[in-house]
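Below: the structure, in structure tokens.
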Ligand SMILES: Cc1cc2nc3c(=O)[nH]c(=O)nc-3n(C[C@H](O)[C@H](O)[C@H](O)COP(=O)(O)OP(=O)(O)OC[C@H]3O[C@@H](n4cnc5c(N)ncnc54)[C@H](O)[C@@H]3O)c2cc1C
Ligand SMILES: Nc1nc2c(ncn2[C@@H]2O[C@H](COP(=O)(O)OP(=O)(O)OP(=O)(O)O)[C@@H](O)[C@H]2O)c(=O)[nH]1
Ligand SMILES: [Mg+2]
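Chains as they are written, first to last, in the numbering used here: chain Z, 8 to 629; chain L, 19 to 468.
Right, dumping it as structure tokens:
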């Protein structure tokens, strides 16, 4: 049967990408449907119960700046907060939080339920419905077809998901879950290419069987750093459902923090791993997919860094109301009996009970160079893809794409131009540009070093950097937009004031640059909110560097503005080198800036395109 | 389409082949550049004679320059053309100075591209311009590849891999703060940056060494009075540069001119004849000959073939070897002249300066020596051009700041920022360096990942 009402936007899969996608679309006023295989696993953290960390933390703040849910959801369900990189400088400081895994999920589920314009439905999507090269809806395992103007696919690791524990194999996108077996075929049928990747996760253990006595404790920060911008947020933000009076799960951010614990492998662990390498799914050639270099299995660590005597492990609690712990650093695909010996070789875990085994999972992903920067497929109109299906890894990467895809699906449904965040504006911009321009051969994770302008990306400025987008698309409530706008003005005012106002010893700014802690600053400035003050101080201290970054950004803007006509036939352009023509033909960049970032395309190719485009423009309007 | 464009500069004539070289700059800062260099902005399109002084006030050359105000110029922007002597060394000096004053090296075909974009060319020329950009860039690429295949490429490769290494180290500590990495040795990083600085400076110094080379291989023409030295000089430079007369002792003071032979830039020096029994005045001329000979790279020993083989003064004989000397038997047009085929000590040629006979053989012999002269200076010799030097200067400045930042304990995100600019500068010489390279190095070096 066909469901009676059609939707503007249908989102398939309620992982971290899916929830942001459907919330964004619904909040923009589109009638939105979220289909997911199991409503009880909405926003489940497949891997470790933590949000944020290097570059990811900044990205979560950017999500908050664009009206997403991940930041606030983390703040109110977080059980430990730490600011990483205190000593490396303000731009690369990143908040990280340990979350209560279940609370995180339940709160998001509740938020979705309360969201106007959003309908939730439990069903597995078995295929897409196409018409004239466009997607028009999806089929489900319940034999109900849903029609929509746009469809966002956020199915994570579930496409032909195959899990490995040693030689044991089970189908599924994650332990205890199903495998989406037919959707891949439907994508292939539409001409979308698929490839395989793999990732892994460590064992979970029972807390009361751990001997904490010899272990080093890692506490949260006394003064926790949060992800959401609480200074500009309304207590009753119409976008954030608090006014409904519903009692959603959660607590005062930063209250009653819990500890993590540190331990390490032993020579005995190394021996166990080495002796059993042949039984590891990854080392015995059972797995075809490529795994991430930054998340190596314990097998990898012992083999590739054989001279490293031991490897650090973190024991992370999965929540307040559970005794389950996650062993961060012990990802493996060894058979269960070997895992058991391995875990028992670790100090503090000698007597430990395993609740769930470690495993590796292989899944299909759609190489992301097949998308426009709007995250719409180039092969199928109105089809958007976000999250792990695009070859990324990580909740934050997924959520960021989900948000952008949701906004763009809503915009597309109403015929408006898409939201494209530039590389110099945010990590989200870097993420999407990297994906659609360079693609990826391993599960892609964000690092601060991927951003050429990371000094502009200090976490506190996310809201300021993305204000224009949020304001243009009304992604935030009017009152919050107003508050951000006046925050921007205050910051500009103080920046200028400190830079120009002379005191006895020269401008205040000079005193700050000499020694931030010793500088005596005007009382009116000290009375500003902490967030604004910190941003002003950041800009003043880093003036020279920030100016250099801005100059570099400015230089690139010209080419960034020159749009490439979508009909351009690269293979027929005289003078273009064959190698470049093929690359351009494959990636189909939207503007000359993006074209220049494709590896192998050189400046003279860009010059040739520039001449061609200018010539076409002149021919149009002489 | 509008461009906020920067100001570009490049050599407009092929390198080292003509008597005059033209350097061209185009872009919004051109008028300011002209004013800063020459003191005035002259009326457009009128060639002006002026002294080109670099930004430190040193005289580079007497030049002719013409200012073209946009949009009535080739590119449609303000443009200046500076004609200097054809010595590539001078043209490179001027280019280098323009870069130091804020210009940037033009890409292949960029002037034509701008001309087209600014509507100075007709639509029908679209394909021609695209072809030109393609052809120029292929040529530039071939030239660059040739250069990079040599010592320059090896040195750049080593600098880049060292820098990527340091950056990977710094980035590892930034991007993986919770990892169990070995203690972060700031001292080690500082040492590595110091090493990089040495390497960069050494490469930059070859700029000065290269300049010496480009200034010309010092080639001294010497021999007995009346042997025909001045006649030979005139033949080689193609005009009547020196006085010639049947009287011995015509040339009293040495004189100099430049010529390009087979791609080598020669400083030719005609000298007073080596007269044993000279007058006081002549004697002073001969002293100067010895002075010139002392700093010579190559010798052309001119011998009147109608006479007996002259003896070389011992101080000269000690300096002259088969690798730096050509014996030139002159006046073979005269009936009395035997053909010389005996001289063992040096490569030799038979010529008539008067009639222009045998000059090809002479040139070939000189080129052969000039080439071996290059090889002799060693594989380590890397002559870099103005564009390279400018990029290396930028890299060096950033390395210096990075080193200071490390030493004064400033945060590593700033150190990394400077090092990245340095890496980009290296990339201007050997091609863009992808970010992935740093990550590759990082994952190869450290055991990352929980
Ligand atoms: C075993 C494992 C290990 C991991 N290890 C790491 C790691 O080490 N580091 C790291 O950064 N990240 C890791 N991750 C990745 C992280 O969990 C994901 O990147 C992130 O959850 C992806 O979000 P997503 O929204 O794209 O997909 P998911 O969170 O996977 O969500 C997909 C959602 O779609 C639903 N769904 C799937 N198919 C269908 C269908 N056909 N119809 C309806 N609903 C469907 C599912 O029920 C689920 O709700 C790991 C994931 C797994 C499974
Ligand atoms: N027949 C003939 N005469 C030549 C040749 N080369 C030079 N002469 C003549 O020899 C005389 C001397 O020539 P110069 O070129 O002045 O000789 P030089 O070696 O410079 O002499 P000084 O400067 O006096 O040392 C002139 O009369 C020339 O015309 C030649 O190849 N053949
Ligand atoms: Mg003479």
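The beta-carbon is built from N, C-alpha and C at its ideal position, and this holds for glycine as well.
**Item:** Contacting residues, own chain, Cβ-Cβ under 6 angstroms from residue 291 of chain L (five flanking each side not counted)
**Value:** 242, 243
**Item:** Alpha carbon of residue 285 of chain L to alpha carbon of residue 46 of chain L, nearest angstrom
**Value:** For residue 285 of chain L and residue 46 of chain L, the distance between alpha carbons rounds to 38 angstroms.
**Request:** Give, in chain order, every residue of the region 116-144 of chain L whose Cβ lies closer than 8 angstroms to some Cβ of chain Z.
**Result:** 125, 126, 127, 128, 131, 134, 135, 137, 141, 144
**Asked** Where DSSP assigns a beta bridge to residue 319 of chain L, which residues make up the other side?
**Response** L/240, L/345
**Message:** Which residue wins for smallest C-alpha separation from residue 128 of chain Z, given the options Z/604, Z/277, Z/20?
**Reply:** Among Z/604, Z/277, Z/20, the Cα nearest to that of residue 128 of chain Z belongs to Z/20.
**Asked** Distance, Cα to Cα, residue 298 of chain Z vs residue 205 of chain Z?
**Response** 5 angstroms
**Supposed close pair residue 416 of chain Z, residue 16 of chain Z - CB separation, criterion 8 angstroms** = About 5 angstroms separates the two Cβ atoms, so the contact holds.
**Asked** Taking the C-alpha atoms as reference points, what is the distance between residue 213 of chain L and residue 175 of chain L?
**Response** 14 angstroms
**Prompt:** Run through DSSP, which three-state label would residue 69 of chain L get?
**Reply:** strand
**Asked** Which residues mark the beginning and the end of the beta strand (DSSP E) in which residue 141 of chain Z is found?
**Response** 141-147
**Prompt:** Would the C-beta of residue 247 of chain L count as close to ligand 3, meaning under 6 angstroms from any of its heavy atoms?
**Reply:** yes
**Request:** Would you give the residue range spanned by the alpha helix (DSSP H) that residue 194 of chain Z belongs to?
**Result:** Judged by DSSP secondary structure, residue 194 of chain Z falls within the alpha helix (DSSP H) whose first and last residues are 190-196.
**Asked** Quick one, which of L/105, L/271, L/320 has its alpha-carbon nearest residue 302 of chain L's?
**Response** L/271
**Request:** Return yes when at least one heavy atom of ligand 2 lies under 6 angstroms from the C-beta of residue 291 of chain L, else no.
**Result:** yes
**Prompt:** Exposed or buried, which one is residue 92 of chain L when buried takes at least 16 other CB atoms within 10 Å?
**Reply:** By the 10 Å Cβ count, residue 92 of chain L comes out buried.
**chain L contact for residue 319 of chain Z (CB, 7 angstroms cutoff)** = yes
**Prompt:** Any beta-carbon of chain Z closer than 7 angstroms to the one on residue 148 of chain L?
**Reply:** yes
**Request:** For residue 195 of chain L, return the contacting residues in chain Z, with the cut-off set at a CB-CB distance below 8 angstroms.
**Result:** 61, 91, 92, 95
**Pair within 7 angstroms by beta-carbon distance, residue 293 of chain Z and residue 476 of chain Z** = no
**Message:** Give me, in chain order, the residues of the same chain whose beta-carbon lies closer than 6 angstroms to that of residue 30 of chain L; leave out the 5 immediate sequence neighbours on both sides.
**Reply:** 40, 42
**Prompt:** So residue 275 of chain L is in the beta strand (DSSP E); what residue range does that whole segment cover?
**Reply:** 273-279
**Message:** Within a Cβ cutoff of 7 angstroms, which residues of the same chain sit near residue 363 of chain Z, ignoring the five residues on either side of it in sequence?
**Reply:** 182, 210, 211
**Asked** For residue 212 of chain Z and chain L, any beta-carbon pair shorter than 7 angstroms?
**Response** no
**Prompt:** Do you know how far the Cα of residue 431 of chain L is from the Cα of residue 551 of chain Z?
**Reply:** 14 angstroms
**Prompt:** Taking contact to mean at least 3 C-beta pairs separated by less than 8 angstroms, is the region 576-587 of chain Z in contact with the region 547-562 of chain Z?
**Reply:** no
**Prompt:** Which full runs of the alpha helix (DSSP H) of 4+ residues lie inside the region 514-594 of chain Z, going along the chain?
**Reply:** 515-521, 530-533, 537-548, 550-568, 585-594
**Message:** Using a Cβ-based criterion (distance less than 6 angstroms to any ligand heavy atom), does residue 268 of chain L qualify as near ligand 3?
**Reply:** Yes, Cβ of residue 268 of chain L sits closer than 6 angstroms to a heavy atom of ligand 3.
**Prompt:** Any beta-carbon of chain Z closer than 7 angstroms to the one on residue 461 of chain L?
**Reply:** Yes - at least one Cβ of chain Z is within 7 angstroms of the one on residue 461 of chain L.
**Prompt:** Could you check where the beta strand (DSSP E) with residue 87 of chain Z kicks off and where it finishes?
**Reply:** 85-91
**Message:** Using beta carbons (cut-off 7 angstroms, strictly below), is residue 99 of chain Z in contact with chain L?
**Reply:** yes
**Request:** Please confirm if residue 668 of chain Z has its CB atom under 7 angstroms from at least one CB of chain L.
**Result:** Because residue 668 of chain Z is not part of the residues shown, which for chain Z are 8 to 629, the question remains open.
**Asked** Cβ of residue 26 of chain L less than 7 angstroms from any chain Z Cβ?
**Response** no
**Prompt:** Of all the CB atoms in chain Z, is at least one closer than 7 angstroms to the CB of residue 424 of chain L?
**Reply:** no
**Prompt:** Does the count of Cβ pairs from the region 101-121 of chain L and the region 70-90 of chain L closer than 8 angstroms reach three?
**Reply:** yes
**Asked** For residue 215 of chain Z, is the beta carbon positioned less than 6 angstroms from some heavy atom of ligand 1?
**Response** no
**Item:** Alpha-carbon to alpha-carbon, residue 159 of chain Z and residue 133 of chain Z
**Value:** 14 angstroms
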